[in-house]
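What follows is a set of notes on a single structure, which appears directly below.
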């Protein structure tokens, strides 16, 4: 039989431990996300893309990666989960709309403004680190 917290001091401390466990899970998820972004960035850079910004935040929201290839600016949303399908399910219409608004805000500061050629990619990273990049995954900003 296992040892229970109540067995040690007469009190059930599991409720007090829940926030700490939740904080650890949150930190692990954040680190996994950063590692996924690092891997995706390395893939783009090795293909000749130039990094313009990472975790750029505008009024509408945050964009994970902003890159340039020639005259085109590429906005990349990185999603990480146990599988590519599970990662893709984490991107909803509301988030796509926020990314589009943030992309338009970013382009407003570019020399060509809203006439800047842009592309919205989604990079899916599975539990073993395989990357699938969906170019032009969404648009209609």
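Numbering (full-length UniProt numbering), first residue to last: 1 to 141.
Quick reminder that beta carbons are idealized off the backbone N, C-alpha and C, glycines included.
For residue 89, the enclosing alpha helix (DSSP H) covers residues 84-89.
Scanning its chain for C-beta atoms nearer than 8 Å, with the 5 sequence neighbours on each side dropped, one finds around residue 98 the residues 60 and 61, in chain order. Runs of the alpha helix (DSSP H) spanning 4 or more residues and lying entirely within the segment 16-41 do not occur at all. Inter-residue distance for residue 112 and residue 84 is about 35 Å (C-alpha atoms, whole angstroms). The beta-carbon distance between residue 94 and residue 120, rounded to whole angstroms, is 15 Å. This is too long to meet the 8 Å contact definition. DSSP places residue 54 inside the beta strand (DSSP E), whose first and last residues are 50-57.
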